[in-house]
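Residue numbers (the numbering used here): 3 to 347.
See the structure below:
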């Protein structure tokens with residue numbers, strides 16, 4: 003019995019050593035480069051995406067606006083580029099006459115004075131709407147963003163960001179929307195490969211993008227979940243799930259501890275697999291982004307992948323103070339908003 007216990011102990015110790023060294027972050031090559039921000043919703047009024055329930059109107063859940071920018075508008079996208087976003091996330095939907103517009107919802111009722119599905123309206127009809135119409139932070143007493151933006155055709159967004167990559171997010175899962183978007187980008191003269199644009203949509207949409215741009219960063223929630231969960235399950239072996247080859251791994255801010263070899267070894271493995279890593283906000287069940295400046299401190303200093311950022315206005319300057327062009331009044335307003343946000347957590 004004693005000999006058996008000694009052998010078992012030796013085997014366990016050996017297994018522990020192998021596991022430790024196989025996944026030792028400090029033994030991996032030091033990653034090169036720096037962290038890259040994905041500006042989710044570009045620069046926009048903040049709301050807690052994790053608190054939004056089915057049927058809620060996000061425009062009525064916002065904090066009091068501290069800047070004039072509205073998501074999916076030209077001004078918002080350009081401001082995100084000025085704040086050093088590596089990718090600006092833009093939501094895309096089709097129109098009744100075959101165009102693609104930037105707008106975050108499938109229907110118009112929440113954010114605009116319009117009614118019904120976006121895809122049931124022509125481009126001309128949509129561009130007459132006020133995309134800031136429905137935003138209110140006080141239950142409908144005031145609407146501070148009315149008149150602040152119009153709905154742009156996707157070619158206008160592409161032309162407004164000639165030197166900044168765009169992450170196109172399909173609002174609908176319809177496969178044909180991918181064909182319309184790719185045609186619109188071609189018509190605008192956008193070089194997807196040169197700019198390093200990305201695409202987030204359904205598996206069928208991703209397949210269509212990959213058929214035209216095999217090397218493009220195109221991914222679905224399903225493929226990212228397969229890579230992420232697969233790596234958590236057996237990344238300890240040093241083997242990468244097939245879904246991570248050219249794929250996307252999502253690492254929630256509060257779940258970094260469960261990622262084998264984090265950060266350097268994981269980065270090395272994903273790089274060899276041709277994949278990308280995105281650190282998201284601290285809600286594994288809902289894809290949220292960073293919303294507080296101090297969350298930057300939870301990111302490993304060697305991480306050179308992507309950060310999903312929900313509040314670029316406040317988080318961006320914390321990561322890179324040289325891009326902070328906010329005036330004193332705007333900074334004071336931001337600090338008050340952040341204090342109130344922290345108090346709710």
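Backbone N, C-alpha and C define an ideal beta-carbon position, used for all residues, glycine too. Predicted, not measured: the structure shown is a model, and the values here were computed from it.
What is the rounded straight-line gap between the Cα of residue i and the Cα of residue j?
| i | j | result |
| --- | --- | --- |
| residue 230 | residue 294 | 24 Å |
| residue 125 | residue 25 | 53 Å |
| residue 197 | residue 234 | 32 Å |
| residue 116 | residue 76 | 20 Å |
| residue 84 | residue 267 | 33 Å |
| residue 64 | residue 292 | 16 Å |
| residue 247 | residue 269 | 13 Å |
| residue 41 | residue 240 | 32 Å |
| residue 176 | residue 120 | 13 Å |
| residue 96 | residue 195 | 23 Å |
| residue 183 | residue 288 | 26 Å |
| residue 53 | residue 161 | 34 Å |
| residue 138 | residue 148 | 9 Å |
| residue 102 | residue 32 | 42 Å |
| residue 166 | residue 118 | 33 Å |
| residue 302 | residue 258 | 10 Å |
| residue 310 | residue 290 | 7 Å |
| residue 215 | residue 100 | 22 Å |
| residue 180 | residue 220 | 11 Å |
| residue 144 | residue 131 | 19 Å |
| residue 111 | residue 299 | 39 Å |
| residue 104 | residue 94 | 5 Å |
| residue 168 | residue 346 | 32 Å |
| residue 82 | residue 74 | 11 Å |
For the beta strand (DSSP E) containing residue i, list its first residue and its last residue.
| i | result |
| --- | --- |
| residue 90 | 89–96 |
| residue 159 | Premise fails: residue 159 lies in the alpha helix (DSSP H), 156–162, not in any beta strand (DSSP E). |
Classify residue i as helix, strand or coil using the three-state DSSP reduction.
| i | result |
| --- | --- |
| residue 250 | strand |
| residue 171 | strand |
| residue 238 | helix |
| residue 202 | strand |
| residue 220 | strand |
| residue 23 | At residue 23, the pLDDT of 49 sits below 50, so the modelled position is not reliable; the number obtained from the coordinates is stated separately. Three-state DSSP puts residue 23 in a helix. |
| residue 131 | coil |
| residue 340 | helix |
| residue 147 | coil |
| residue 59 | coil |
| residue 328 | coil |
| residue 268 | helix |
| residue 52 | helix |
| residue 262 | coil |
| residue 244 | helix |
| residue 12 | Low local confidence applies: a pLDDT of 43 at residue 12 is under 50, so the model's placement there is unreliable, and no value is given. |
| residue 334 | helix |
| residue 208 | helix |
| residue 298 | helix |
| residue 46 | coil |
| residue 227 | helix |
| residue 179 | helix |
| residue 1 | Past the edges of the chain, shown from 3 to 347, lies residue 1, and the structure says nothing about it. |
| residue 233 | helix |
| residue 152 | coil |
| residue 17 | Note on residue 17: pLDDT 40, under 50, position unreliable in the model; the coordinate value appears next. Helix. |
| residue 273 | helix |
| residue 352 | The chain is shown from 3 up to 347; residue 352 falls before or after that span and cannot be answered. |
| residue 303 | coil |
| residue 1 | No information on residue 1 is available, as it lies outside the stretch 3 to 347 that the chain covers here. |
So residue i packs on residue j, CB below 8 Å; how close in whole Å?
| i | j | result |
| --- | --- | --- |
| residue 263 | residue 237 | 7 Å |
| residue 72 | residue 46 | 6 Å |
| residue 128 | residue 308 | At roughly 31 Å, the Cβ-Cβ gap does not stay under 8 Å, so residue 128 and residue 308 are not in contact. |
| residue 256 | residue 284 | 4 Å |
| residue 173 | residue 106 | 7 Å |
| residue 190 | residue 157 | 4 Å |
| residue 280 | residue 305 | The pair is not a contact, with the Cβ atoms about 11 Å apart (cut-off 8 Å). |
| residue 51 | residue 312 | 7 Å |
| residue 86 | residue 322 | 6 Å |
| residue 171 | residue 92 | 7 Å |
| residue 225 | residue 203 | Rounded, the Cβ-Cβ distance is 11 Å, inconsistent with contact. |
Residue i bridges to which residues according to DSSP?
| i | result |
| --- | --- |
| residue 308 | 38, 280 |
| residue 109 | 119 |
| residue 184 | Answer by DSSP bridge pairing: none, since residue 184 is not bridged. |
| residue 292 | 311 |
Over the uninterrupted alpha helix (DSSP H) stretch that includes residue i, give me the two end residues.
| i | result |
| --- | --- |
| residue 315 | 314–321 |
| residue 102 | Note, residue 102: premise wrong, no alpha helix (DSSP H); beta strand (DSSP E) at 102–104. |
| residue 66 | No alpha helix (DSSP H) contains residue 66, which DSSP labels as neither H nor E. |
| residue 78 | 76–84 |
| residue 194 | 194–197 |
I'd like to know whether the C-beta of residue i is nearer than 8 Å to at least one C-beta of chain B.
| i | result |
| --- | --- |
| residue 112 | Going by chain labels, chain B is absent from the structure shown, which holds only one protein chain. |
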